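First the structure, in the form of structure tokens, and then the observations on it.
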Amino acid sequence: MDLEPAPEPQGPWLEVLRERARRSIHPAVWAYLQAGAGEGMTTAEANDAWRAVRFRPQVLRAVGEADLATTLLGTSVTSPIAVAPSAMQRAVHTGGERAMAEGVAEAGSLHVVSSNSGTRFADLGAAGPWWLQAYLPPERDLFRPVAQAAVAAGARAVALTVDTPYPGSKPGVDHEDWSGIDLSWWRANYPEADDGRWQDALTLEDIGWLRDAAGVPVVVKGVLRGDDALRCLDAGAAAVYVSNHGGRQLDRAVDTATALREVVAAVGDRAEVYVDGGIRAGVDVLAALALGARGVFVGRPALWALGAEGGPGVARLLGELRSELKECLEQAGCASPDEAPGLL
Ligand SMILES: Cc1cc2nc3c(=O)[nH]c(=O)nc-3n(C[C@H](O)[C@H](O)[C@H](O)COP(=O)(O)O)c2cc1C
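As structure tokens, this is what we get:
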């Protein structure tokens, strides 16, 4: 009996993209992408926190066309919207991290490459700008060649993830189900001596160690408090990245819109502050910029785009979000992202 093909998904463009991705990604991998830790409360609340922000638009400013170009830690990008690090991209699309890199480059953005990447850094291709994300192994020196290989292949900074002593428990994610998924697509860049253990005892000293080992600036990813942000900067961080890991670590961790307010208030002009978690539309980006973020990163939507359409899908996602942000800035009377903080 012939089965009717499933009808094309309908609805808002990002929902269509997500549905197309769900249909093309292995069900166990899909469960892993979507999951939040615990009951998934932090994951579920993430977007609502951006939706709760209200703007006070400015008028009579002859804005015309807003110019979205900006810089993230000195790197020029066509908009303040970049791609967060995520593992298992080769399980999402055969092109993996390389296709992601090509899509991001086409959009004129930057992405952060997970240190659990399944693609060797040297094979990412000479696409656009990228940063390395770091999970430090218990034996720190095993990470030195990883960082050096990344920098030799073009990484301009390292984002040290500090919210993951080990992966949070995610009910419904069953690694036994991963039939057909090549687990060598995990940690292709660590030396063989690395046994895959997680670092459960990071300290402030690791920031300076990593900066010296990599020879590039360190961004600390996973900060949710103003006091921690200042401790990171005092310890040598170049920038702070507010994140609760997409709700995948401590369930009921504070949403990143709330945390961003506190971190920006503490950091002031001392360093750039970035944010991720639940950014799903240009108007969410406007909220983050208004709260003081220099740039935002998208996690799951980039994986949906990669899964549904490969690199061109990633470029399209970033282009759509950029267009939405442009309209929001113009409607709000802002000529550039820098003017968004005036909207609150
Ligand atoms: C499947 C998946 C894998 C991830 N892998 C990593 C990782 O290797 N390193 C890291 O720092 N963050 C990782 N993250 C967290 C993202 O960088 C980011 O913080 C989060 O996805 C942002 O939330 P969003 O998905 O709502 O945009 C991962 C997230 C997902 C969904």
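Here our numbering is used: the first residue of the sequence shown is 130, the next is one more, and so on.
For glycine and all other residues, C-beta sits at the position ideal for the given N, C-alpha and C.
Given the structure is predicted, the values throughout are model-derived calculations rather than measurements.
By the Cβ neighbour-count rule, GLY439 is buried, with 16 or more other Cβ atoms within 10 Å of its own. Rounded to whole angstroms, GLN328 and GLY462 show a C-alpha spacing of 46 Å. With three or more CB-CB distances shorter than 8 Å, the segment 287-307 counts as touching the segment 261-270.
DSSP, read as helix, strand or coil, puts TRP260 in strand.
Shown here, SER308 sits in coil according to DSSP, grouped into three states, outside any helix or strand. In this structure GLY247 touches GLY225 by the C-beta definition: roughly 6 Å separates them, less than 8 Å.
Comparing alpha-carbon positions, the option among GLY365, ARG316, ASN176 and GLN163 lying closest to PRO346 turns out to be GLY365. A direct Cα-to-Cα measurement between LEU271 and TYR319 gives close to 7 Å. Runs of alpha helix (DSSP H) with 4 or more residues, each lying fully within the segment 204-232, are found at 218-221, listed in chain order. Setting aside the 5 residues that flank it on each side, ALA279 is surrounded in the same chain by PHE250 and LEU261, each with a C-beta closer than 6 Å to its C-beta; the list follows chain order. Annotation: GLY337 to GLY301 spans about 38 Å, alpha carbon to alpha carbon.
Distances from the CA of ALA135 to each of GLU144, GLU148 and TRP142 were compared; the closest alpha carbon is that of GLU148.
Around the beta carbon of VAL188, a 10 Å sphere encloses fewer than 16 other beta carbons of the protein chains shown; the residue is thus reported as exposed. Judged by the Cβ position, PHE426 qualifies as a neighbour of ligand 1 at the 8 Å threshold, a heavy atom of the ligand being closer than this.
As the crow flies, the alpha-carbon of VAL145 is around 12 Å from that of GLY442.
Restricted to the segment 343-424, the alpha helix (DSSP H) segments that are unbroken, complete and at least 4 residues in length are 355-363, 385-396 and 411-419, listed in chain order.
For the pair of segments examined, the segment 414-428 was found to touch the segment 196-207: the number of CB pairs separated by less than 8 Å reaches three. In the three-state reduction of the DSSP assignment, ARG340 falls in the helix class. Counting along the chain, the unbroken alpha helix (DSSP H) around ALA278 starts and ends at 273-281.
Proximity of the segment 163-181 to the segment 227-241 falls short of the contact definition, fewer than three beta-carbon pairs being nearer than 8 Å. Annotated three-state conformation of LEU201 is strand, per DSSP. DSSP places ARG151 in the uninterrupted alpha helix (DSSP H) bounded by 142-153.
Look at the beta carbons and you see the segment 391-399 not touching the segment 218-236: under three pairs across the two are nearer than 8 Å.
If you look at ALA286, you'll find it in the beta strand (DSSP E) that goes 284-290. The distance from the Cβ of PRO186 to that of GLN460 is about 7 Å, consistent with a contact at the 8 Å cut-off. Per DSSP, the unbroken beta strand (DSSP E) holding VAL242 starts and ends at 240-242.
ASP357 has its CB no nearer than 8 Å to any heavy atom of ligand 1. Placement of the Cβ of VAL241 at a distance of less than 8 Å from at least one heavy atom of ligand 1 is found. The nearest non-hydrogen atom of ligand 1 is 8 Å or more from the C-beta of LEU201.
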